[in-house]
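See structure below.
Residue numbers (this note's numbering), protein chains in the order written: chain A, 1 to 221; chain B, 1 to 221.
Next up, the structure:
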């Protein structure tokens with residue numbers, strides 16, 4: 001059997017493996033290394049818990065919907081990481097290393113499933129939903145979802161430049177852009193038209209930011 | 001059957017139920033309402049994910065140990081919430097409400113178990129542990145655990161007064177005090193001798209704060 005020369009199973013794979021091209025031609029973006037997959041799984045597991053509790057505590061169907069999107073994404077990542085790990089393992093040492101990584105991946109999927117279970121309470125009919133908003137401490141900030149319209153001046157601006165946090169007290173915790181997600185965006189992350197921003201903050205801050213992102217306010221101040 | 005007059009199953013129970021007194025005399029503190037139980041379960045599920053990933057990414061056994069403590073605490077809370085729910089349900093409506101709450105509690109426990117699975121990778125022998133630190137982005141801050149010694153000037157001071165965050169850039173994300181936990185402590189939370197602080201930040205900030213909490217530095221500046 002001919003051995004392929006490989007640098008490291010954890011390093012960057014230069015090309016998309018053939019099985020991926022064949023099976024997932026409908027999917028635009030594929031992370032190509034275990035590192036990328038695992039980093040995104042970690043990011044999702046932190047974000048999804050936050051969103052799931054927020055959805056039920058504030059009875060917010062939109063945020064519950066984001067939980068569902070993330071759950072589907074996590075399934076996909078877990079499938080990919082299993083595939084890539086099995087393709088990569090050549091020696092006993094490889095397999096041991098990868099078994100540990102799969103353990104993290106399985107745990108991340110359990111987390112995302114648990115978040116889905118929490119958010120799915122919103123699908124119950126009103127009378128059987130637990131009265132959760134009563135359980136909230138007053139200090140808790142809400143999580144909101146806002147779509148950026150093309151006519152907003154936020155488009156193609158960096159988060160830091162439009163001063164979202166200093167002017168409104170709202171913090172953008174994630175951005176969904178088509179099928180991509182950006183977790184914990186930084187001040188140099190640009191906002192694009194049709195982005196869905198996941199934002200944490202108060203009702204007052206939300207109102208101003210919503211108007212700005214819908215193009216009804218020229219500037220945040 | 002005599003009906004007891006009850007205001008609400010979600011309200012504050014004035015007295016510790018009898019079964020608790022009998023069965024858990026060895027435990028000092030018992031949350032007494034569904035609200036308190038569920039709030040703590042939510043806090044734990046957010047904290048434990050963070051700690052679990054941090055433990056494996058930074059190969060930190062101390063943080064893995066905190067994950068284990070929290071996992072045990074979560075089991076206890078889940079047991080309590082099941083007991084209190086079953087004792088409280090008198091009508092079909094009660095039962096429906098409480099079933100929803102138990103669904104959240106079960107999910108919280110799954111989250112904590114998944115976090116435990118992640119942290120348990122540290123118990124593997126060195127050669128079989130996945131090489132995770134390589135997966136980190138450089139920007140990631142670490143999580144540390146520091147015990148406050150009685151001789152430190154931090155004792156009986158409020159977090160805001162000793163300026164932890166502004167002087168060191170470190171953020172205290174939780175405090176373990178004996179069997180109690182304080183999640184997301186605020187600037188008016190006091191620090192006590194023998195507290196274990198769970199702190200997020202950089203190596204440089206950690207060194208100063210550690211010396212201060214061990215009494216080797218008189219003041220943070």
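Backbone N, C-alpha and C fix where the C-beta goes; we use that ideal spot for every residue, glycine too. Note that the structure is predicted; figures quoted are calculated from it, not measured.
Rounded distance between the beta-carbons of residue j and residue i, thought under 8 angstroms
i: residue 45/B; j: residue 108/B; result: 5 angstroms
i: residue 105/A; j: residue 48/A; result: At roughly 15 angstroms, the Cβ-Cβ gap does not stay under 8 angstroms, so residue 105/A and residue 48/A are not in contact.
i: residue 162/B; j: residue 154/B; result: 6 angstroms
i: residue 142/A; j: residue 58/A; result: 5 angstroms
i: residue 152/B; j: residue 214/B; result: 6 angstroms
i: residue 122/B; j: residue 61/B; result: 6 angstroms
i: residue 208/A; j: residue 148/A; result: With 8 angstroms as the limit, residue 208/A and residue 148/A do not qualify as a contact, their Cβ atoms being about 14 angstroms apart.
i: residue 146/B; j: residue 210/B; result: 5 angstroms
i: residue 96/A; j: residue 128/B; result: 4 angstroms
i: residue 34/A; j: residue 81/A; result: 6 angstroms
i: residue 67/A; j: residue 52/A; result: 5 angstroms
i: residue 220/B; j: residue 167/B; result: 4 angstroms
Neighbour flag for residue i against chain B, beta carbons, 7 angstroms
i: residue 26/A; result: At residue 26/A, the pLDDT of 42 sits below 50, so the modelled position is not reliable and the matter cannot be decided from this model.
i: residue 201/A; result: no
i: residue 121/A; result: yes
i: residue 68/A; result: no
i: residue 42/A; result: yes
i: residue 9/A; result: Residue confidence for residue 9/A is low, a pLDDT of 45 falling below 50, so the modelled location carries little weight; the figure read from the coordinates is stated next. For residue 9/A, the answer is no, since every Cβ of chain B falls outside 7 angstroms of its Cβ.
i: residue 104/A; result: yes
i: residue 205/A; result: no
Short CB-CB distance (under 7 angstroms) between residue i and chain A
i: residue 272/B; result: Because chain B spans 1 through 221 in this model, residue 272/B falls outside it and cannot be assessed.
i: residue 125/B; result: no
i: residue 128/B; result: yes
i: residue 95/B; result: no
i: residue 114/B; result: yes
i: residue 143/B; result: no
i: residue 159/B; result: no
i: residue 22/B; result: In this prediction, residue 22/B has a pLDDT of 40, which is less than 50 and means its spatial position is unreliable; what the coordinates show is noted afterwards. No, residue 22/B does not count as interfacial toward chain A.
Under 8 angstroms by beta carbon: chain B residues contacting residue i
i: residue 46/A; result: 49, 50, 53
Identity of the residues DSSP links to residue i by a beta bridge
i: residue 144/B; result: 199/B
i: residue 180/A; result: 177/A
i: residue 172/A; result: 199/A
i: residue 158/B; result: 190/B
Partner residues on chain A for residue i, Cβ-Cβ distance less than 9 angstroms
i: residue 107/B; result: 52, 113, 114, 115, 116, 117, 118
Neighbour list for residue i in chain A, Cβ cutoff strictly below 8 angstroms
i: residue 110/B; result: 110, 111, 113, 114, 117
i: residue 56/B; result: 104
Chain B contact residues for residue i, given Cβ-Cβ distances below 7 angstroms
i: residue 175/A; result: Per Cβ cutoff of 7 angstroms: no residues; residue 175/A is ~17 angstroms from chain B at best.
Under 7 angstroms from the C-beta of residue i: neighbouring residues of chain A
i: residue 100/B; result: 121, 124, 128, 129, 130
Would the stretch 70-88 of chain B and the stretch 109-117 of chain A be scored as touching if the rule is three or more Cβ pairs under 8 angstroms?
no
Pair every Cβ in the stretch 200-215 of chain A with every Cβ in the stretch 174-187 of chain A, then say whether three or more of these pairs are closer than 8 angstroms.
no
Does the stretch 84-104 of chain B come close enough to the stretch 32-42 of chain B to have 3 or more Cβ pairs within less than 8 angstroms?
yes
Would you call the stretch 183-196 of chain B in contact with the stretch 157-171 of chain B, where contact means no fewer than 3 C-beta pairs closer than 8 angstroms?
yes
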